Each structure stands twice: as structure tokens, then as C-alpha cells.
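Chains as they are written, first to last, in the working numbering: chain A, 4 to 227; chain B, 2 to 22.
We put the CB at the ideal spot given by N, CA and C, even for glycine.
All of these numbers come straight from a predicted model, not from anything done at the bench.
Have a look at the structure below before the remarks.
Spelled out as C-alpha cells, the structure:
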């Protein structure tokens, strides 16, 4: 039977919560094994980053939605963290199988990788709950938390966020079709616009690529 | 994932994307 928009939204939220009920707020034993296999154990830096970004997210969420909603922001962030660890473990298992390695020191000690992955997980949670994060008493104005809001919150470049999307979708088979389409729209928005904004890492990569190819052209300014 | 276009090739994954190969 066709669902009303409200019923569809409630089902999506329930589905997400059910999936994440079995996930943990901390790295699993399997994840800890991967951390221990690293040349430099990233566990402490990962935990500290998660803690730091919780405060950042809670603050920005409260600024966007209302100070009274800070705890709602914290709850949504915590769901995002569970998804983050769950997807990270799945990604590492796939990479271990693909590359036949167990030492992912460079990847797991990379701040950009973790921030991008966590941002993607939190984006999934925020998008599942929808645009309106306010209490339903009608006293608050609607607040737009839709993408690319999360990039501003975590001070993340769109191009770096883009890098995790496809692997995220591959690593999390429980993502609904609606959520996959949402992430695909994020990809398109990045490819068509956000990745080309001033300061994007894309320009440096293009420049390096041209230098490797031996071309001596001066890179065009980003404004053109 | 039927409608989603997977762009990564067979030998590509998250390690390459973050320059960790």
C-alpha cells in the first residue's frame, strides 16, 4: 500500500534505529584489531576526534535549530557515530580482502578520511530525520540542515567528502534506496558545483596531474 | 543499488582514493 509522507519518514527513522541498535558507540573488537595492526595505533586519535566533533556538531545543531535542541543534536550525532564505526569496519574488511593487507596505518591515521566518513554517517542520520529538526510543538521555525550543511559543520572540503560516498554505499547494504539516492544527489552536487569552489583540493590535484604529464601550462585561476 | 552508478574500477577502493596505496 502506498505510504503517506509521514508514515514513510517514520518507517525510515525506525529502520535506521533498528539497524544501529546492534551497533556500538565505541570501536568493536574487530576494529580494535585493525587499529592494533597499524604501524601507528590510531585508536586514541580516533576517539578524541569523535569526542571533539560531538561538541562541534552539538553547538552548530543548536545554533541552527535552537538552543533547546542541543540534546537532540547529540542523540543524532551518536547514531551517526555508530554508523561510522559500523561502516569503517565493513570497509576495512573489504580492503583487507581486496589488497591482502592488514596494516592500514596511513588510512586510519588520516584526519581527512575519518572526518569525511563521520560526516557521511551523520549526513545519513540527519537526512533520515529530515529537514525539520525542531520539536513538533510548532514554536520553532523550520531549519534547513540539508546537504551541504554538514560540510560547514565539520569544516570539510566537498571533494574529500565525495571520496567516501561510493565506498560507504558499498560497505553498508542496509541503506535504503531513498538514502542511496540522497547520497547520489550529494555526489552530483559536489561534482557539478561544490568541488569547483575556490580552495578545493581538486585544483591542486589537477595541477599535479598536469605536471606529471610534463605539461608546462600555468594553472588557470579558479575564478575562470 | 540498482540505479546507482558505481564509478570505482575493479582495482580501486578507499585506500587509493586517500592516497594510501
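Collapsed DSSP secondary structure at residue i in the structure displayed
i, result
"residue 129 of chain A", "helix"
"residue 41 of chain A", "coil"
"residue 29 of chain A", "coil"
"residue 204 of chain A", "helix"
"residue 80 of chain A", "helix"
"residue 17 of chain A", "helix"
"residue 138 of chain A", "Caution is warranted here: a pLDDT of 48 is assigned to residue 138 of chain A, below 50, making its placement in the model unreliable, and the coordinate value is therefore given only provisionally. Correct three-state label for residue 138 of chain A: coil."
"residue 216 of chain A", "coil"
"residue 3 of chain B", "coil"
"residue 18 of chain B", "helix"
"residue 158 of chain A", "coil"
"residue 143 of chain A", "Bear in mind that a pLDDT of 45 at residue 143 of chain A, under 50, signals an unreliable position, so the model cannot answer this."
"residue 11 of chain A", "helix"
"residue 179 of chain A", "coil"
"residue 69 of chain A", "coil"
"residue 5 of chain A", "coil"
Minimum C-alpha distance to residue i - residue among the options
i, options, result
"residue 102 of chain A", "B/6, B/8, B/4, B/14", "B/14"
"residue 19 of chain B", "A/73, A/88, A/164", "A/164"
"residue 61 of chain A", "A/177, A/80, A/92", "A/80"
"residue 118 of chain A", "A/23, A/50, A/216", "A/50"
"residue 11 of chain B", "A/39, A/215, A/97", "A/97"
"residue 154 of chain A", "A/21, A/121, A/131, A/28", "A/121"
"residue 258 of chain A", "A/87, A/168, A/129", "Because chain A is modelled from 4 through 227, residue 258 of chain A falls outside the range shown and cannot be assessed."
"residue 127 of chain A", "A/33, A/85, A/201", "A/85"
"residue 170 of chain A", "A/160, A/159, A/183, A/158", "A/183"
"residue 115 of chain A", "A/204, A/104, A/70, A/210", "A/204"
"residue 3 of chain B", "A/92, A/213, A/178", "A/178"
Endpoints, the alpha helix (DSSP H) within which residue i is located
i, result
"residue 106 of chain A", "Neither: residue 106 of chain A is in no alpha helix (DSSP H) and is coded neither H nor E."
"residue 162 of chain A", "161-174"
"residue 112 of chain A", "Note, residue 112 of chain A: premise wrong, no alpha helix (DSSP H); not H, not E."
"residue 198 of chain A", "From DSSP, residue 198 of chain A is part of no alpha helix (DSSP H); its letter is neither H nor E."
"residue 11 of chain B", "Looking at the DSSP string, residue 11 of chain B is not in any alpha helix (DSSP H), and its letter there is neither H nor E."
"residue 149 of chain A", "Neither: residue 149 of chain A is in no alpha helix (DSSP H) and is coded neither H nor E."
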